[in-house]
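If you number the sequence shown the way the working numbering does, the last residue is 256 and the count never jumps.
The beta carbon of each residue, even a glycine, is placed where N, CA and C say it ideally should be.
Below you'll find the structure, written out as structure tokens, and then a few comments.
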Amino acid sequence: MNDKKILRVIPAEKVNMGGIILDQPLPASGIDQIDPFLLIHHWDSELPGGQHQRDVGVGPHPHRGFSPVTFVFKGDLQHRDSLGNDATVTSGGTQWMHAGRGITHSERPSAAMAESGGPLEFIQFWVNSPAAHKMDNAFYLPLSNEETPRIEDEGYHLAIVAGIYEGVKGPAPTLSPMTLLRGGIKADFSCEVSLPSSFNTMIYLLDGELQINNIEARAKDLVQLGQDGEAISILAKKDTRFIVLSG
Numbered sequence: 010m011n012d013k014k015i016l017r018v019i020p021a022e023k024v025n026m027g028g029i030i031l032d033q034p035l036p037a038s039g040i041d042q043i044d045p046f047l048l049i050h051h052w053d054s055e056l057p058g059g060q061h062q063r064d065v066g067v068g069p070h071p072h073r074g075f076s077p078v079t080f081v082f083k084g085d086l087q088h089r090d091s092l093g094n095d096a097t098v099t100s101g102g103t104q105w106m107h108a109g110r111g112i113t114h115s116e117r118p119s120a121a122m123a124e125s126g127g128p129l130e131f132i133q134f135w136v137n138s139p140a141a142h143k144m145d146n147a148f149y150l151p152l153s154n155e156e157t158p159r160i161e162d163e164g165y166h167l168a169i170v171a172g173i174y175e176g177v178k179g180p181a182p183t184l185s186p187m188t189l190l191r192g193g194i195k196a197d198f199s200c201e202v203s204l205p206s207s208f209n210t211m212i213y214l215l216d217g218e219l220q221i222n223n224i225e226a227r228a229k230d231l232v233q234l235g236q237d238g239e240a241i242s243i244l245a246k247k248d249t250r251f252i253v254l255s256g
């Protein structure tokens, strides 16, 4: 099995989204998208508490023709949309939505969290829809941590959100072949990840430090891998949380 070549390491940039400061590794300077992934935003903040829900998070806004996906790592997010869906996902869960021909939604911390405060961390990324599915009916699926299967070994774990990995099928319904993983690895441990050579693959580090196929990556770096192999060797220099987006 051949190693996937590291094409580039992209440090996230700070962006201001309506007064909210986020880390954005994609798009980046000179890189509009890495097909089928259009955008990655990493929100990591401490809510002060004593707030109304309407004053935090992201209010109603429309989407069309792609899938906004949110991985929640700390705190919670309540999703409401124009289809009548209303669900709150907590740490380890996923908000999965296909915008299709059009949908309006909001994502905010729950009223209880807005009042109590505390850490809120999530990643939202956008997956482009194939042309044949851009005008499908919109749909939404909340997934809890308990509904997301995991592979665990000494020093690391991988949660399979979408696709099939090592015979384990993720619950999220994708419109094109892809594998989406959430991972964690302890310092000085290593693991091997294998993904199809035909997939565009990225690894984003929420924190920590990794050596990926002998290339160093640090917190809030996005590592883009090529289509010339299948194998990814990961060695943790520090305790690290990461996601794998491949499709």
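Distance between residue j and residue i (C-alpha atoms, nearest Å)
| i | j | result |
| --- | --- | --- |
| residue 110 | residue 73 | 6 Å |
| residue 23 | residue 229 | 10 Å |
| residue 67 | residue 223 | 39 Å |
| residue 217 | residue 59 | 31 Å |
| residue 107 | residue 220 | 34 Å |
| residue 12 | residue 204 | 10 Å |
| residue 40 | residue 17 | 11 Å |
| residue 10 | residue 201 | 11 Å |
| residue 128 | residue 158 | 25 Å |
| residue 185 | residue 238 | 20 Å |
| residue 76 | residue 134 | 8 Å |
| residue 142 | residue 148 | 12 Å |
| residue 261 | residue 112 | As displayed, the chain neither begins before 10 nor continues past 256, which places residue 261 out of reach and without an answer. |
| residue 126 | residue 132 | 19 Å |
| residue 195 | residue 178 | 25 Å |
Simplified DSSP state of residue i, which is helix, strand or coil
| i | result |
| --- | --- |
| residue 60 | coil |
| residue 255 | strand |
| residue 125 | helix |
| residue 171 | strand |
| residue 140 | helix |
| residue 120 | helix |
| residue 23 | strand |
| residue 10 | coil |
| residue 17 | strand |
| residue 158 | coil |
| residue 151 | strand |
Residue-chain proximity (residue i, chain B), Cβ-Cβ < 9 Å
| i | result |
| --- | --- |
| residue 244 | Absent here is chain B; the protein component of the structure consists of one chain. |
Integer Cβ distance of residue i from residue j, believed to fall under 8 Å
| i | j | result |
| --- | --- | --- |
| residue 152 | residue 103 | 4 Å |
| residue 130 | residue 208 | Contact flag wrong, Cβ pair sits at about 26 Å. |
| residue 35 | residue 29 | Going by Cβ atoms, the distance from residue 35 to residue 29 rounds to 17 Å, so no, they are not a contact pair. |
| residue 86 | residue 117 | 7 Å |
| residue 49 | residue 234 | About 15 Å separates the two Cβ atoms, so there is no contact after all. |
| residue 154 | residue 101 | 3 Å |
| residue 206 | residue 242 | In fact, because the Cβ distance is near 15 Å, the residues do not count as touching under 8 Å. |
| residue 90 | residue 70 | No, residue 90 and residue 70 are not in contact; Cβ-Cβ is about 11 Å, not under 8 Å. |
Specify whether the segment 93-101 and the segment 52-69 touch according to this definition: at least 3 beta carbon pairs, one from each stretch, less than 8 Å apart.
no
Go through the segment 46-93 residue by residue and report every complete run of the beta strand (DSSP E) that reaches 3 residues or more, in order.
46-56, 67-72, 75-83, 85-90
Taking 8 Å as the threshold, find out whether the segment 245-254 comes into contact with the segment 197-215 through three or more Cβ pairs.
yes
Using 8 Å as the cut-off, can you tell me whether the segment 156-174 makes contact with the segment 186-197, which would need three or more C-beta pairs spanning the two stretches below that distance?
yes
Would you call the segment 122-140 in contact with the segment 157-166, where contact means no fewer than 3 C-beta pairs closer than 8 Å?
no
Complete runs of the alpha helix (DSSP H) confined to the segment 163-208 [at least 4 residues]
none
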